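Report on one structure; see the data block that follows.
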Amino acid sequence: MNQEKKSGLKFVWTLTIVALIIGIFGLFDRMVNGHTNANYGSYVPWGLWVAAYIYLIGLSAGAFIMSALVYVFNVKALEKVGKIALLISLATLIGALLSIWLDLGHMGRVWRMIIHTNFSSVMGWMVWLYSFYFILLAFEFWFAMRVDLINWSGKIGLSGKLSKFLTFGSTDISDESKVNDKKKLKILGGIGIPLAIAFHGSVGAIFGSVGARPYWNSGLTPIIFLVGAFLSGAALLTFAVYFWGPERGSESNKNVILLMGKIILGLLAFDVLLEYSEITIGLWSSVPSETASIKLILFGNYWWVFWFVHVGLGIIIPAILLISGYKSPKKIALAGFLIALTFISVRLNIVIPGLAIPELKGLRDAYTGPGLIFTYFPSLMEWAVFIFTISITGLVFLIGRTYLPVIEVSSKDIEVEK
Amino acid sequence: MEENTKELIQTEEKNLTATQENNIHRNVFLKKIGGGIFASLLLPGVLSNKFTTALAKATTELKELPKLPKQTPNEDVIVRMMRDLQRALKKPLAERKWSMVIDLRKCVGCDSCTISCAAENKLPPGVVYRPVLTEEVGVYPNVSEQFIPRPCMQCNKPPCVDVCPVSATWRREDSIVEIDYDQCIGCRYCITACPYSARTFDAGHDYLDNATDGATSLTGKEKAGKYEVIPIFDYGKEWPRKEGVSPEGNVRKCHFCVHRIEKGLLPECTVSCIGRATFFGDANDHKSLVAELIGKPNVMRLKEEMGTEPNVYYLM
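These protein sequence lines map, in sequence, to chains A and B. Per this note's numbering, residue 1 is the first one in the first sequence, and the count goes up by one each step. Per this note's numbering, residue 1001 is the first one in the second sequence, and the count goes up by one each step.
This is the structure:
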């Protein structure tokens, strides 16, 4: 219990509840006034919520790939963080879907994306891919916890009741059944890897395939999306494992963090390389609109988002922390936190600058009205709804972390693996 | 020529009042009929083929087209275009190719088309179908302003159609790119895909959003607001404006006033143009005015390099 206090879980609970209360005001505004209080509109049709969606769904894909290292590739050093990786993956996926659902003009018609899918649209494919991913993730999470859920069924209190309910009547804790679980996890994880790549790649392709927006329209876009997803997902997982992972402060926990630190540093370097390529080629290119978008990022009104938030807090400081602190879990965890947190700026800098350049000269002043402007900064309602989706993501994580056997690994379980 | 125009205006007025009366009785009429062509109008976009054929049937069977004056050698282009229109309406839908030609040398940038379009289609704030772009060319004293009206290009290869995740938008056989407001989920992907920014989002704004309730019969939100709830007739269907109900929350764009075309009337921008700079008609009909103009050497289309093949042409 003492350890739980130190881990700051209570603080995060409080923070999440406060965020939820603020968020509910935003949600109320969104439900009552629709899109009228939003600052996205006709010329910049996508805003903070779309950026939040690709941010959260990237975190989900990234955390999932880390879990695959455990369940598919049997990376022994990481095996204890498999379940928490899956929990993060699930929580961020729920947050992402919530964010994009609230962005729709007609929320009640969302089911049409499945029933009336247009497979000529990348978005049509994406919906099917992440539906499969959601189902697969739920199954995988369940199989990863099944034995522990049965073990926890007897516990007193909410976690015992919740665990018992979630066993769905399964009582088999024989070694044979555990081996079976492992096999299923391997198969599910095996399907999950290409699925996660395909669905997050398709999120990138939604942007990459739009010929009308030269800044997005590149074969590199889906790849940058994926690498960014792996980086931000791994970073978030590292931070979470340091504070709320198994056996906090132990040697094994330390080793996990140190290994994760190396993975993050590698991914960060690769991400910087891709970004560098995108920015420099864009600046030198003969496509004026693409150059204009990149100039907007580097020197526009929100230049500080790129230079301070992304480059400063998201690349340079984490890189220094990761290199200088390659033996210090604390520094690595902090680096992970910074990368994961500031990655929303990368997502915003993908969505907005692609749209904030007028497609036709003279359009800026041709007609005025709400939403007919090329500058964008999220409205108060948009921020509040964003806080709402983040708080729901946090809540799913906290409920899982507090009431479900995400951390505990029974000793028998480990024996079976050997 | 003046007589021609007068007569024409009269016939148009008659036709308009007829349409309005029709609209008032349409609800009753709908309930009575409850099937056939009108019911098929209500089918969702999935059955888009059925929808368009039903519409085609309805329009080709329509006999009451505006009566036009006798043809004279130098008649007003509006009359000529209405003649072209009537010829086109006698053909099956698939054989028509609605096209627009805008003569930039004649456009003075008065914005009449923009405003009359907003009135015809009762556009709410934030939605615009046909803005006029202004560009300053040259350096003083050799300076001029260029005006470019920008309707929907009704592309032959529309990039907005393929991206729609629920097939809520498609290219009709007569070249008009249609949106089914009942099917559109409002994801706005098509807005990003259009190279001409021709699509706008109806976020649900109203002109009287922050107005106070007045006491008199004319002013105030309640009375003046009646204008805001009058139905529109985009794509030939009646859409009364209610909060949260389509087309609110949908993506909207210019549709060449297809509801007018199919009653034998020219698009609102074409008839309201003070300089006769906008031309409309069936490009498949070689006798039509637009076909004639498209064949001129000084014709161009916007962003030809995108491969979208617009059906809106500009004369330079």
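C-beta: ideal position from N, C-alpha, C; glycine also. What you are looking at is a predicted structure, and each value in this text was computed from that prediction instead of being measured.
For MET1100/B, no alpha helix (DSSP H) encloses it; the enclosing beta strand (DSSP E) starts and ends at 1098 to 1103. Residues of the segment 359 to 388 of chain A with a Cβ closer than 8 Å to any Cβ of chain B, in chain order: GLU359, LEU360, LYS361, GLY362, LEU363, ASP365, ALA366, TYR367, GLY369, PRO370, GLY371, LEU372. For a Cβ distance threshold of 7 Å, residue set LYS361, GLY362 of chain A lies close to GLU1135/B, ordered along the chain. At a cut-off of 7 Å, the C-beta of PRO1195/B has a neighbouring C-beta in chain A.
Excluding the 5 residues flanking it on each side, SER153/A has same chain C-beta neighbours closer than 8 Å at GLY160, SER163, LYS164, THR167, in chain order. Taking a 10 Å sphere around the C-beta of VAL18/A, we find fewer than 16 other C-beta atoms and assign the residue as exposed. In this structure, the alpha-carbon of LYS1237/B lies about 15 Å from that of THR1169/B. Taking ILE352/A as the centre and dropping the five residues before and after it, the same chain places the C-beta of TYR376 closer than 6 Å to its C-beta, in chain order. In the structure shown, LEU1133/B adopts extended strand secondary structure according to DSSP, grouped into three states.
Assignment of VAL1128/B by DSSP, reduced to helix, strand and coil, places it in the coil class.
Along the length of the segment 357 to 407 of chain A, whole alpha helix (DSSP H) runs at least 4 residues long occupy 380 to 403, reported in chain order. Beta bridge pairing from DSSP links GLY1138/B with VAL1143/B.
Exclusion of the five residues before and after SER277/A leaves no residue of its chain whose Cβ lies closer than 6 Å to its Cβ. Apart from sequence neighbours up to five positions away, the residues of its chain that approach LEU372/A with a beta-carbon distance below 8 Å are GLY41, SER42, TYR43, ordered along the chain. Per DSSP, reduced to three states, the secondary structure at ILE315/A is helical. As the crow flies, the alpha-carbon of TYR242/A is around 22 Å from that of ASP148/A. Between VAL1128/B and the set ILE357/A, PRO405/A, THR368/A, the nearest pair of CA atoms involves THR368/A. If you draw a straight line from the Cα of ARG213/A to the Cα of ALA1277/B, it comes to about 31 Å. Ranked by how close their Cα comes to the Cα of LEU48/A, the residues PHE343/A, GLY261/A, PHE397/A, ILE191/A have PHE343/A in first place. For ILE1179/B, the uninterrupted beta strand (DSSP E) run begins and ends at 1177 to 1179, by DSSP. It is roughly 11 Å from the alpha-carbon of MET145/A to the alpha-carbon of GLY400/A. Non-local C-beta neighbours of LEU93/A in its own chain, meaning closer than 8 Å and more than five positions away in sequence, comprise LEU56, ILE57, SER60, TYR130, TYR133, PHE134, LEU137, ordered along the chain. The DSSP-derived three-state label of MET1300/B is strand. Contacts with chain A at 7 Å (Cβ-Cβ) include ARG1188/B. Look at TRP1170/B here: in three-state DSSP terms it is strand.
Closest by C-alpha distance to GLY201/A, out of LEU322/A, VAL309/A, GLY219/A, THR14/A, is GLY219/A. Here the segment 101 to 111 of chain A makes no contact with the segment 1149 to 1161 of chain B; the two share fewer than three CB pairs at distances below 8 Å.
Every unbroken stretch of the alpha helix (DSSP H) spanning 4 or more residues and falling wholly within the segment 33 to 84 of chain A is given here in chain order: 48 to 71. Restricted to the segment 192 to 237 of chain A, not a single beta strand (DSSP E) segment is unbroken, complete and at least 3 residues in length. In the three-state scheme derived from DSSP, where H, G and I count as helix and E and B as strand, ARG1260/B is classed as helix. Secondary structure at PRO1165/B: coil, using DSSP grouped into helix, strand and coil. Our two residues, GLY314/A and LEU231/A, have alpha carbons roughly 11 Å apart in a direct line.
Residue environment for GLN1183/B: buried (at least 16 other C-beta atoms within 10 angstroms of its C-beta). Against chain A, the beta carbon of ARG1150/B has neighbours under 7 Å at LEU360, listed in chain order. Note on SER324/A: under 16 other CB atoms within 10 angstroms of its CB, so exposed under the neighbour-count rule. Sequence-distant partners of ARG1171/B (beyond 5 residues in either direction) whose C-beta falls short of 7 Å from its own C-beta, in its chain, are PRO1158, VAL1161, VAL1177.
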